[in-house]
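Heads up, the thing below is written out as C-alpha cells.
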Amino acid sequence: MRRSQALSIHTLRNIVGIAAFVLTVCNVFQAEFKSFLGRIGFSGAVLAPLNDTLGFEKIAVVSTGTAWRLGGLLEAADYTHLQLDILSQPDWTDSDVDTFRGVGVPGRNIQMGPGQARCWLGHLNVWQEIISQQWATVLIMEDDADWDIAVKNQLLRLSPVIRQVTGATDRGERSPYGEAWDLLWLGHCGDYIPDDPASFVDETLPASSVYRENDGRLTNFPPHLRMVHKSVAPICTYAYALTTAAATKLYELSHHGMDKIITDHFRVWCKNGTLGCLTINPEVFHHHKQAGEISSEIAVVEGWDDLAARSKVDFTANIRYSARCSSRSKHPVACQDEYVRTN
Numbered sequence: 083m084r085r086s087q088a089l090s091i092h093t094l095r096n097i098v099g100i101a102a103f104v105l106t107v108c109n110v111f112q113a114e115f116k117s118f119l120g121r122i123g124f125s126g127a128v129l130a131p132l133n134d135t136l137g138f139e140k141i142a143v144v145s146t147g148t149a150w151r152l153g154g155l156l157e158a159a160d161y162t163h164l165q166l167d168i169l170s171q172p173d174w175t176d177s178d179v180d181t182f183r184g185v186g187v188p189g190r191n192i193q194m195g196p197g198q199a200r201c202w203l204g205h206l207n208v209w210q211e212i213i214s215q216q217w218a219t220v221l222i223m224e225d226d227a228d229w230d231i232a233v234k235n236q237l238l239r240l241s242p243v244i245r246q247v248t249g250a251t252d253r254g255e256r257s258p259y260g261e262a263w264d265l266l267w268l269g270h271c272g273d274y275i276p277d278d279p280a281s282f283v284d285e286t287l288p289a290s291s292v293y294r295e296n297d298g299r300l301t302n303f304p305p306h307l308r309m310v311h312k313s314v315a316p317i318c319t320y321a322y323a324l325t326t327a328a329a330t331k332l333y334e335l336s337h338h339g340m341d342k343i344i345t346d347h348f349r350v351w352c353k354n355g356t357l358g359c360l361t362i363n364p365e366v367f368h369h370h371k372q373a374g375e376i377s378s379e380i381a382v383v384e385g386w387d388d389l390a391a392r393s394k395v396d397f398t399a400n401i402r403y404s405a406r407c408s409s410r411s412k413h414p415v416a417c418q419d420e421y422v423r424t425n
C-alpha cells in the first residue's frame, strides 16, 4: 500500500546514512537502493549527491586557466567522477578593473586591490552565465579547489541535515538539499560556530583534532564532527552553491562595481538577510597548494610577497584524502600540511 504521509527528516537522515554506508562498501547496491526509495515515495533527488554534479544542476569553475591549477582540478574531477563546466572568462583590462573598483569616483572608499577585483569579476561572470542558462542550482568552485575522494558520500550525508536546518519537508523538491536556501558555503577557510549547530559523525573527516585556520593558526576541532549552521562570518570562496534567484540577487547587487573584497560583502548579505546562507563546518572544499607553484594569484597582483611565495610541499588543509594528491598517486593520499601528519 502506498505510504501517504511524509517521512520525517530524522528517518530520511537514517536512510541516507545507511545508503552512504552501503555505497561505500559496494556501489553495486546503488540501483537497488534507488528502487527502494522509489517504493517508499522518495524521488531520485535523494541520491542525487552521488551523481557527477553532486546533486546540483551544474558545477561551474572560476578559472584564469593557470596550468597547474586547472590541470590538477580536472585530474581530481576525473578521479572522483565529477563533471565540471570551465566557463570562459573575459580578458579584463586594467581600465575595466579600475572602473569596477570605482577608481576616481568621488567619495569611494576603495578597500580592495586590482587582484581582488579580478576575483570579483570572475565570480560575477559565472553568475551571469547561471542567469542566462537558468540553471536551478550551481556549485561554483575556484580553480585551486580540492576535496576528499569521498565527496559524494559526504554530500549525501549532508543533504538531509541541510534540509533539517532550513526546514525543508517537501519530498517533491528537485534539489536533494531542499529549496529553502540561497547560498551553501561548502568551501571556506573558517567560520564562527554558533551554540547549537546541527551535527553528525562523519568518518571521512581527518581523525586529527587539529584544524588549520586561514591565517595558518592550528586550533582544536572535534574530530569526525561535521556541522551545518547559519553562516556567521565565513571567509574565502573556494566553493559555494547558489540558486538561480541568489545568482540574480548577487549580480544585481554587484555588477555596477564594488569597493570591498567578495567575502566581505557575502558576509554582510548573509548577516542582514539579503541572502539565506548556510555554512558547512569543517568545509568540504579547501584550496590546494602544489609544491613549486605560486599559491595565490591575487597575492602576485597585489605584491604580497609572503603569500605569493612558492609552496614547498603539496598539501590541502582540513581534507582527509585529497582528490588532487590521490589522482596523481592513483591511490588514497592524506595530503595534509607540513604541520599535521596524521590522517
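Each number in the working numbering corresponds to the 1-based position in the sequence shown with 82 added. Ideal placement from N, C-alpha and C gives every residue a C-beta, glycine not left out.
Buried or exposed by the 16-neighbour rule on C-beta atoms within 10 Å, applied to residue i
i             : result
glutamate 334 : exposed
alanine 373   : exposed
glutamine 236 : buried
histidine 413 : exposed
aspartate 278 : exposed
histidine 205 : buried
serine 411    : exposed
serine 404    : buried
serine 409    : buried
Residue range of the unbroken beta strand (DSSP E) whose run includes residue i
i            : result
serine 281   : 280-283
cysteine 359 : 359-363
tyrosine 333 : Premise fails: tyrosine 333 lies in the alpha helix (DSSP H), 326-336, not in any beta strand (DSSP E).
alanine 399  : Neither: alanine 399 is in no beta strand (DSSP E) and is coded neither H nor E.
glycine 269  : 265-269
Residue i - DSSP class collapsed to helix/strand/coil
i              : result
isoleucine 244 : helix
serine 313     : coil
alanine 142    : strand
threonine 219  : strand
lysine 234     : helix
leucine 132    : helix
arginine 239   : helix
alanine 321    : strand
alanine 289    : coil
alanine 373    : coil
Integer Cβ distance of residue i from residue j, believed to fall under 8 Å
i           : j              : result
proline 131 : leucine 238    : 4 Å
valine 314  : isoleucine 362 : Incorrect: roughly 13 Å between the Cβ atoms, too far for contact.
proline 316 : threonine 345  : 7 Å
alanine 199 : aspartate 167  : Their Cβ separation, rounded to whole angstroms, is 24 Å, which puts alanine 199 and aspartate 167 out of contact at 8 Å.
serine 145  : glutamine 171  : 7 Å
alanine 218 : glutamate 139  : 5 Å
Span of the alpha helix (DSSP H), counted from its first residue to its last, around residue i
i                 : result
tyrosine 161      : 149-161
threonine 345     : 344-353
tryptophan 209    : 196-215
phenylalanine 182 : 176-183
alanine 405       : 405-411
Close-in-space but distant-in-sequence residues of the same chain around residue i (CB under 6 Å, 5 per side omitted)
i            : result
alanine 321  : Met223, Ala227, Leu268, Gly269 and Phe367
tyrosine 259 : Ser241 and Ile244
Close-in-space but distant-in-sequence residues of the same chain around residue i (CB under 7 Å, 5 per side omitted)
i           : result
alanine 399 : Arg294, His368, Gln418 and Asp419
Residues near residue i by beta carbon distance below 8 Å, same chain, minus five either side
i             : result
aspartate 284 : Gln236, Arg239, His306, Leu307 and Arg308
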